[in-house]
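Report on the structure given below.
Protein chains: 2
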Amino acid sequence: MRTVEPARQRDLRERNLATLLERVASADPAAAPSRAGLAAVTGMSRATVSALVDALLAGGLIEELPPPPRTGAGRPANGLRLSGSRVAALGVELGADHLVACVRDLTGAVRARAAVPEIDRTGSPDLVLGASADLAADVLAQAAEQGLHVVGGAWAVPGLVDAVAGRLRVAPNLGWRDVPVLDLLREHPVLADLPLAVDNEAALAAVAELWQPDTPDAPAAPQSFLLVTGEVGIGGGVALGGRVLRGQRGWSGELGHVTVEPDGPVCACGARGCLEAYAGQEALLGRAGLPVRPRTSRGAVGGTPALLRAAAEVGHPGVLEALGVAGRALGVALSAAVNLLDVDAVVLGGACAPLAPWLVGPLTAELEERVLRGRLLPVDVRVSATGADAAVMGAAALVLQDVLDAPASLLTA
Amino acid sequence: MRTVEPARQRDLRERNLATLLERVASADPAAAPSRAGLAAVTGMSRATVSALVDALLAGGLIEELPPPPRTGAGRPANGLRLSGSRVAALGVELGADHLVACVRDLTGAVRARAAVPEIDRTGSPDLVLGASADLAADVLAQAAEQGLHVVGGAWAVPGLVDAVAGRLRVAPNLGWRDVPVLDLLREHPVLADLPLAVDNEAALAAVAELWQPDTPDAPAAPQSFLLVTGEVGIGGGVALGGRVLRGQRGWSGELGHVTVEPDGPVCACGARGCLEAYAGQEALLGRAGLPVRPRTSRGAVGGTPALLRAAAEVGHPGVLEALGVAGRALGVALSAAVNLLDVDAVVLGGACAPLAPWLVGPLTAELEERVLRGRLLPVDVRVSATGADAAVMGAAALVLQDVLDAPASLLTA
Chain A
1 MRTVEPARQR
11 DLRERNLATL
21 LERVASADPA
31 AAPSRAGLAA
41 VTGMSRATVS
51 ALVDALLAGG
61 LIEELPPPPR
71 TGAGRPANGL
81 RLSGSRVAAL
91 GVELGADHLV
101 ACVRDLTGAV
111 RARAAVPEID
121 RTGSPDLVLG
131 ASADLAADVL
141 AQAAEQGLHV
151 VGGAWAVPGL
161 VDAVAGRLRV
171 APNLGWRDVP
181 VLDLLREHPV
191 LADLPLAVDN
201 EAALAAVAEL
211 WQPDTPDAPA
221 APQSFLLVTG
231 EVGIGGGVAL
241 GGRVLRGQRG
251 WSGELGHVTV
261 EPDGPVCACG
271 ARGCLEAYAG
281 QEALLGRAGL
291 PVRPRTSRGA
301 VGGTPALLRA
311 AAEVGHPGVL
321 EALGVAGRAL
331 GVALSAAVNL
341 LDVDAVVLGG
351 ACAPLAPWLV
361 GPLTAELEER
371 VLRGRLLPVD
381 VRVSATGADA
391 AVMGAAALVL
401 QDVLDAPASL
411 LTA
Chain B
414 MRTVEPARQR
424 DLRERNLATL
434 LERVASADPA
444 AAPSRAGLAA
454 VTGMSRATVS
464 ALVDALLAGG
474 LIEELPPPPR
484 TGAGRPANGL
494 RLSGSRVAAL
504 GVELGADHLV
514 ACVRDLTGAV
524 RARAAVPEID
534 RTGSPDLVLG
544 ASADLAADVL
554 AQAAEQGLHV
564 VGGAWAVPGL
574 VDAVAGRLRV
584 APNLGWRDVP
594 VLDLLREHPV
604 LADLPLAVDN
614 EAALAAVAEL
624 WQPDTPDAPA
634 APQSFLLVTG
644 EVGIGGGVAL
654 GGRVLRGQRG
664 WSGELGHVTV
674 EPDGPVCACG
684 ARGCLEAYAG
694 QEALLGRAGL
704 PVRPRTSRGA
714 VGGTPALLRA
724 AAEVGHPGVL
734 EALGVAGRAL
744 GVALSAAVNL
754 LDVDAVVLGG
764 ACAPLAPWLV
774 GPLTAELEER
784 VLRGRLLPVD
794 VRVSATGADA
804 AVMGAAALVL
814 QDVLDAPASL
824 LTA
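In order, the protein sequences belong to chains A and B.
Just so we're aligned, residue 1 is where the first sequence starts under my numbering, counting upward by one.
Just so we're aligned, residue 414 is where the second sequence starts under my numbering, counting upward by one.
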């Protein structure tokens, strides 16, 4: 059975701080809530709200908007919104062929970004992580110049991560095994005192999807979805009820190794007929009759989705055939995912996003046939709007989400 | 984003009551905790613990053990344990060919049980639910005679359930569509005033698995697993971190409709190559060359697992072949489930439990090939010990879990 921690007076304050911050964060920007408005929607007393709002203001987590013009009797109420001027978070991603780091402020705005193109991440963990620490130092310096206080950092890596121990257990597409990521990072002086986390790139891309702002052109992702990610391989990030589902060990969402055909082609993982063996980059290139580079020089395949897209646009028959097969395979594996996880939507990200025009048709046909609840409620299929930086954006958002969930720890620190 | 409710003084008491009850419930029976012990492990003051323990005692949720013999100076502390003498819950299951109802007390002990054999649940919902209400009245009367206070009841049904609205949306193996289960049940006077719930039978069987007591012969299920259920069809219940995973709408765990071969045989749901088309009862009988009864007289196939087991025991070649195919298909679908959900174990329940000796070999071989984390940490494959009553036991446990999670509501009522 679960263990439950005892509740104390202090917890009340902590929970109420989080409640108010959450209300401010989720408010429509055109209707920033006032202290009185927060008291009304939360049921807290105005005195309690005022004291807690003052603490959040003092901590730089929220800010007051200028008062609106006087329209009648009484003083108009100041609206409150998240502040982008103080608290910020670092995200770093080990991409297939590059490194990228960013700092986002509490409103989600990217305040610094730096990248190293054409790094081979299958190299020694020491070297690759060292280069990522240097990149982190670069964006941290940019953030400091803007007066931002970076409260933590997260690294996005492929494969099975033990987030508690800070280790990468196994990453077939990197050739890394049991790498103490956080221990290696902490050897770098600029990171020594910063709270650090490491997590799976697909799970972090799903966090980014949840943090995606609504715009008329790109409505934000639903609160429950499976996000298809990956550049070379295929990963998956799962969200349920607005939160990323981690599974027992944070190893959920391994969509790339769901079986499509039990006797299908051999996958890099050793099994037969995995989704990756139909819809991974090497499989797509091979089926299309295009040259596949050996797995050891992975650094050079970064442009493959663009190449495949260009070939599909001019009607290359081999590429169109390969994308049809990949779309059907994706549909079979995603149907299993929807049947097992009960998510409302499938979001195509990573290398699938630019190829979506050719994947969505066959994919949707399989979902319509195979998802049990499909006739009651069709599965929403959409393309991610987070772009190539999804994992690094999600890494920073993971740290920011912790701030929103538990602001008290930051105020007392 | 999620909304968070404000915390108030009252919440502190409610959470601390739940914390203490949880500690008492999860304690080793040989080491029932005392008030002082509870204060030590929870960090609450002894006065707070005493006041809350008195409330739980007064509500009949816990009881004091007789004091141990005096061994030295001071008064020995009385141990506390859950009480089986007052609070109880009703569970009812619409089985493939029978109805069953039970009442369990707060310790999980079954205090009343009644069954109607050989009912055809594909009949009119009015008739089937009416018969189940009569059965519920029977066990409620038995419970009342024992002085038990039944605080709620839950109905286990197959298919996609809208638990909030109390409706069965669709159940392919019943032929029911959009049945207002709770509204129909509330028409029966004996149920009119009882808080009622309806949920999917596989999810409830997973609750039962979590409530299974440890014994030396049958260790309790791990805290994260996929439970394979089903009599005619195949269902699945998912647990993560000791809680049943519901998905966005309570429709997770639809293992029976995970694709095993995209071009495989047609399933009752209309898709090709679902697990059910390899490992469901009709598929097993058909492949074994045994007669398959038409789907409309489903009430008569209840003895099929026993028949198949008996045939396998004497080496019937068709049955052995069919079980081998079913085991492999189960392994393919379960590998997808472990890759996507990150559960530690697979538990074979329902019709799979008696057939496990012939299924586990081919099933495990597939898991070993197809689960990405399998070489780091093999998947635990075990047979459920809950038996044929899993769903009805879980239905009652669902109500009891609500009591353990929120005892305050019962104390103030």
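Every residue gets a Cβ at the ideal spot worked out from N, C-alpha and C, and that includes glycine.
query: With C-beta atoms as the reference, is Val812 of chain B less than 8 angstroms away from Val564 of chain B?
result: yes
message: Give me the residue from B:Ala616, B:Val784, B:Gly643 with the minimum Cα distance to Ala271 of chain A.
response: B:Val784
query: Just the Cα atoms here: how many angstroms apart are Glu201 of chain A and Leu245 of chain A?
result: 14 angstroms
message: Distance check for Gly303 of chain A and Gln453 of chain A, CA to CA, integer angstroms please.
response: With chain A covering only 1 through 413, there is no way to say anything about residue 453 of chain A.
- request: Kindly list, in the order they appear in chain B, the residues whose Cβ is closer than 8 angstroms to that of Val343 of chain A.
  value: Gly660, Gln661
query: Among B:Arg795, B:Gly504, B:Val529, B:Pro442, which one has its Cα closest to the Cα of Gln814 of chain B?
result: B:Gly504
- prompt: Going along the chain, which residues of its own chain have a beta-carbon closer than 6 angstroms to the beta-carbon of Val466 of chain B, five neighbours each way excluded?
  reply: Arg448
query: Between Glu667 of chain B and chain A, is there a C-beta pair that is closer than 8 angstroms?
result: yes
field: Where Cys352 of chain A sits in the DSSP three-state scheme
entry: helix
query: If we ignore side chains and look at the alpha-carbon of each, how far apart do Ala300 of chain A and Val232 of chain A end up?
result: Only weak support is given to the placement of Ala300 of chain A: the predicted model assigns it a pLDDT of 41, under 50, and the question is left unresolved by the model.
- prompt: Given a threshold of 16 other Cβ atoms within 10 Å of its Cβ, counted over all protein chains shown, does Ser384 of chain A qualify as buried or as exposed?
  reply: buried
query: Under 8 angstroms, do Ala501 of chain B and Arg524 of chain B count as touching if we go by C-beta distance?
result: yes
task: Count the C-beta pairs between the stretch 97-109 of chain A and the stretch 132-141 of chain A that are closer than 8 angstroms, then say yes if the count reaches three, no if not.
output: yes
- prompt: Would you say Gly655 of chain B and Leu639 of chain B are within 8 angstroms of each other, going by their C-beta atoms?
  reply: no
query: For the putative contact between Leu688 of chain B and Ala735 of chain B, defined by C-beta atoms under 8 angstroms, what is the C-beta separation to the nearest angstrom?
result: Incorrect: roughly 14 angstroms between the Cβ atoms, too far for contact.
query: Buried or exposed: Leu367 of chain A, going by 16 or more other Cβ atoms within 10 Å of its Cβ?
result: buried
field: Helix, strand or coil at Gly299 of chain A [DSSP, three-state]
entry: In this prediction, Gly299 of chain A has a pLDDT of 42, which is less than 50 and means its spatial position is unreliable; nothing more can be read from the coordinates.
query: What residues in the stretch 564-598 of chain B have a beta carbon less than 7 angstroms from any beta carbon of chain A?
result: Leu573, Arg582, Val583
- prompt: At a CB-CB cut-off below 7 angstroms, which residues of chain B make contact with Asn339 of chain A?
  reply: Glu667, His670, Val671
query: Taking the beta strand (DSSP E) that Glu64 of chain A falls in, what are its first and last residues?
result: 62-64
- request: Would you please state the rounded distance, in angstroms, between the beta carbons of Val128 of chain A and Leu94 of chain A? I believe it to be under 8 angstroms.
  value: 6 angstroms
message: Tell me which residue opens and which closes the alpha helix (DSSP H) that Leu507 of chain B is part of.
response: Segment 500-507 is the beta strand (DSSP E) holding Leu507 of chain B; no alpha helix (DSSP H) there.
- prompt: Leaving out five residues before and five after Val403 of chain A in sequence, what residues of the same chain have Cβ atoms less than 8 angstroms from its Cβ?
  reply: Leu61, Val87, Ala89, Leu106, Val151, Leu410
message: Gly666 of chain B and Leu609 of chain B - do their beta-carbons sit closer together than 8 angstroms?
response: no
field: Leu733 of chain B versus Ala724 of chain B: straight-line alpha-carbon distance, rounded
entry: 8 angstroms
task: Tell me where the beta strand (DSSP E) around Trp211 of chain A begins and ends.
output: Not the beta strand (DSSP E): Trp211 of chain A falls in the alpha helix (DSSP H), residues 201-211.
Environment of Asp263 of chain A [buried if 16+ CB atoms lie within 10 Å]: exposed
query: Around the Cβ of Arg15 of chain A, are there at least 16 other Cβ atoms within 10 angstroms (buried) or fewer (exposed)?
result: buried
query: How about Val570 of chain B and Val651 of chain B: are their beta carbons less than 8 angstroms apart?
result: no
field: Proximal residues to Cys680 of chain B (C-beta, below 6 angstroms), its chain only, five neighbours per side dropped
entry: Cys687, Glu689, Ala690
- prompt: Do you know offhand how far Asp214 of chain A's Cα is from Ala578 of chain B's?
  reply: 30 angstroms
message: Short of 9 angstroms Cβ to Cβ, which residues in the stretch 263-276 of chain A face chain B?
response: Asp263, Cys269, Gly270, Ala271, Arg272, Gly273, Cys274
- request: Could you check how far apart the C-beta atoms of Leu776 of chain B and Leu747 of chain B are, in whole angstroms? I think they sit under 8 angstroms.
  value: 7 angstroms
query: What is the DSSP secondary structure of Asp105 of chain A, counted as helix, strand or coil?
result: strand
field: Own chain residues within Cβ distance below 6 angstroms of Gly740 of chain B, not counting five before or after
entry: Leu772, Pro775, Leu776
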